[in-house]
Amino acid sequence: MQATLSIVGTPIGNLEDITLRAIRTLKESDLVLCEDTRVTKRLFERYEIKTKTLSYHEHSSITKVDQILGLLREGKHIALVTDSGMPTISDPGADLVNYVRSIPDLEVKVEVVPGPTALSSAISLSGLIMREFVFLGFLPHKKGRETALKKIAVTEDAVVLYESSHRIEKLMREFGKYLPTRKVVICKEMTKIHEEFIAGYPDEVSKILTDHSEKKKGEFVVIVSAA
-6 MQATLSIVGT PIGNLEDITL RAIRTLKESD LVLCEDTRVT KRLFERYEIK
44 TKTLSYHEHS SITKVDQILG LLREGKHIAL VTDSGMPTIS DPGADLVNYV
94 RSIPDLEVKV EVVPGPTALS SAISLSGLIM REFVFLGFLP HKKGRETALK
144 KIAVTEDAVV LYESSHRIEK LMREFGKYLP TRKVVICKEM TKIHEEFIAG
194 YPDEVSKILT DHSEKKKGEF VVIVSAA
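Those letters in the sequence shown? Residues -6 to 220, per the working numbering, in order.
Listed below in structure tokens is the structure:
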């Protein structure tokens, strides 16, 4: 049998947002690589998926990579998932896909099983007309952050990025400094119970977050409108 590596999209929050093909693929695979096996376990329990799992993330050792390659050489079917959304988008799964493809004597069918992404979901929710946009993933925490902010300030297209609850308020203050007149939309906890949409100028959004600390909890997609 030819080895297969399936890149499988999983829900970004609501566990009902999974495709029939994704469930079938996860059940038929010999092994599922997970960013965090504890997170994936909840999905598996919901859909009675019994496939073995193995953690794979940015800190995985070369020994684990060799183990994965060994299974592919045996013709196994391996699925790759992330904690939420599509693997390889702001995710170390891209390294594995590229590495597998770079080995000349390793014949592996790499397929994608599409699923939801925070990126496309936020764009749909925002209501902004975006014929073009720049996606930056997560901004650097320290080194290179100021450069990234200056880049956003001079970019005329809309900009989409991810941010965590620990830095969302700081990001709004930085936007207030570098791009005070650009409209900002933040989408938090999409498809979950506390899904919320906040829009305004950076100073306005910053004040909302300051006055309502509960709104700073969760994971965020941030959209900066086109200039």
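From the three backbone atoms N, C-alpha and C, an ideal C-beta is built for every residue, glycine too.
Cβ of residue i within 9 Å of Cβ of residue j?
i      : j      : result
Glu212 : Ala72  : no
Thr12  : Val106 : yes
Leu47  : Leu65  : no
Asp23  : Lys69  : yes
Cys180 : Glu188 : yes
Leu89  : Val127 : no
Leu19  : Val93  : no
Pro80  : Val152 : no
Ser119 : Ala15  : no
Lys170 : Asn7   : no
Phe190 : Val178 : yes
Within 10 angstroms of the Cβ of residue i, are there 16 or more other Cβ atoms? Answer buried if so, exposed if not.
i       : result
Leu202  : buried
Thr(-3) : buried
Ile116  : buried
Pro195  : buried
Met165  : buried
Leu221  : In the structure as shown, the chain begins at -6 and stops at 220. Residue 221 is therefore absent and cannot be evaluated.
Met183  : buried
Gly108  : buried
Tyr40   : exposed
Ile42   : buried
Ser(-1) : buried
Glu156  : buried
Thr33   : buried
Ile5    : buried
Val147  : exposed
If I follow the unbroken beta strand (DSSP E) through residue i, where does it start and stop?
i       : result
Leu155  : Looking at the sequence provided, one finds Tyr at residue 155 rather than Leu. Counting along the chain, the beta strand (DSSP E) containing Tyr155 begins and ends at 151 to 157.
Ile71   : 70 to 73
Thr46   : 46 to 48
Leu129  : 126 to 131
Leu(-2) : -4 to 1
Glu67   : No beta strand (DSSP E) contains Glu67, which DSSP labels as neither H nor E.
Lys135  : That residue, Lys135, is in no beta strand (DSSP E); it is neither H nor E in DSSP.
Ile216  : 212 to 217
Glu104  : 101 to 106
Our contact map puts residue i next to residue j with C-beta atoms below 8 Å; I'd like the distance itself, whole angstroms only.
i      : j      : result
Ile161 : Lys209 : 6 Å
Glu149 : Ala219 : 6 Å
Thr3   : Ser77  : 6 Å
Val215 : Leu154 : 5 Å
Phe131 : Ser83  : 6 Å
Leu99  : Leu62  : 7 Å
Ile145 : Val198 : 15 Å between Cβ atoms; not a contact.
Pro97  : Glu51  : Their Cβ separation, rounded to whole angstroms, is 26 Å, which puts Pro97 and Glu51 out of contact at 8 Å.
Starting from residue i and walking both ways along the alpha helix (DSSP H), at which residues does that stretch end?
i      : result
Glu139 : 138 to 147
Glu167 : 161 to 171
Ile116 : 111 to 119
Asp88  : 86 to 95
Exercise for review: Please specify which runs of the beta strand (DSSP E), each continuous and at least 3 residues long, are wholly inside the segment 10 to 44, giving them in chain order.
Suggested key: If we require 3 residues or more, the beta strand (DSSP E) runs fully inside the segment 10 to 44 come out as 24 to 27.
- Query: Mind pulling the beta strand (DSSP E) runs of 3 or more residues that sit fully within the segment 176 to 206?
  - Reply: As far as the segment 176 to 206 is concerned, its whole beta strand (DSSP E) runs of at least 3 residues are 177 to 181, 189 to 193.
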